[in-house]
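Beneath this line is the structure, given in structure tokens, with notes to follow.
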Amino acid sequence: MSTTTLPGSTVATLTVTTPSDREVQITRIFDASRPMVFDCWTIPELLKGWLHGPDGWRLAICEIDLRVGGATRYVWQHRDGRSMGMSGAYREIVRPARIVATELFDEDWTGGETIGTVVFSEQAGKTLLTQTVLYASQAARDGALGTGMTRGMGESYAQLDAYLASLQDAAKGAA
41 MSTTTLPGST
51 VATLTVTTPS
61 DREVQITRIF
71 DASRPMVFDC
81 WTIPELLKGW
91 LHGPDGWRLA
101 ICEIDLRVGG
111 ATRYVWQHRD
121 GRSMGMSGAY
131 REIVRPARIV
141 ATELFDEDWT
151 GGETIGTVVF
161 SEQAGKTLLT
171 QTVLYASQAA
181 RDGALGTGMT
191 RGMGESYAQL
201 DAYLASLQDA
211 AKGAA
């Protein structure tokens, strides 16, 4: 198993490990409640507020049928007109603790369908998010790691961290 720790924005660092020859596991703590982090992961309007890629990529289409067997569809648009899409299906949903879903990019750079498991654990009012991605093969996992995927995830999680803070600030202002 290897471990890479990337600097985080305000709360924690992103930790990336390879617990098996086909898996990548990412963990990060967020200064928000588990239900709030779960909602930011599963409600399209909230996902559009933070799930952006680096260098001008924005989540333009976000469709979620949040039920076992329900489909997902994400399409990111780049400011230069390029797009990148991904589809999947939910296998397990335990609100607000766990999601298991398949993912397949339109341009299959991951070597086939992946299975993603996201676990949301409450820790003293904060949320430990653990995301595990299971690839079809070790070569597919290593190829994904070679794309800069973890840097992009680190940036997205930093965006989620800032977005959660803005939601909490807005809630305080409304109270």
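Using this note's numbering, the letters of the sequence shown correspond one by one to residues 41 to 215.
C-beta: ideal position from N, C-alpha, C; glycine also.
Is it buried or exposed, THR43, if we count other Cβ atoms within 10 angstroms and call 16 or more buried? With a pLDDT of 43 at THR43, under the threshold of 50, the modelled position of this residue cannot be trusted, and the question is left open.
Given 8 Å, three or more beta-carbon pairs between the region 177 to 187 and the region 85 to 92: Flag = no, the region 177 to 187 and the region 85 to 92 do not touch.
Rounded to whole angstroms, what is the Cα-Cα separation between ASP193 and THR53? Residue identity check: residue 193 is Met in the sequence provided, not Asp. Going from the Cα of MET193 to the Cα of THR53 covers about 12 Å.
Assign GLY213 to one of two classes, buried (16 or more other C-beta atoms within 10 Å of its C-beta) or exposed (fewer than that). With a threshold of 16 other beta carbon atoms within 10 Å, GLY213 falls short and is exposed.
Unbroken stretches of the alpha helix (DSSP H), 4 residues or longer, contained in the region 120 to 203: If we require 4 residues or more, the alpha helix (DSSP H) runs fully inside the region 120 to 203 come out as 178 to 185.
Answer yes if the region 66 to 76 comes into contact with the region 89 to 99, meaning at least three C-beta pairs across the two stretches below 8 Å, and no otherwise. No contact exists between the region 89 to 99 and the region 66 to 76.
Could you give the residue range of the beta strand (DSSP E) that holds LEU99? Membership of LEU99 in the beta strand (DSSP E) is indicated by the continuous run 97 to 104.
Measuring alpha carbon to alpha carbon, tell me which residue in SER123, PRO136, ALA164 and THR190 is nearest VAL158. When each option's Cα is compared against that of VAL158, the closest is PRO136.
GLU132 versus GLY125, THR57, THR142 and MET124, residue with shortest Cα-Cα distance: Shortest Cα-Cα distance from GLU132 to any of GLY125, THR57, THR142 and MET124 involves THR142.
State the DSSP-derived secondary structure class of VAL108, mapped to helix, strand or coil. In the displayed model, VAL108 falls within coil according to three-state DSSP, outside both helix and strand.
Secondary structure at TRP81, three-state DSSP: helix, strand or coil? It is helical.
Backbone secondary structure at VAL56 - three-state DSSP: Three-state DSSP puts VAL56 in a strand.
Name the one or two DSSP bridge partners that HIS92 has. HIS92 is not bridged to any residue.
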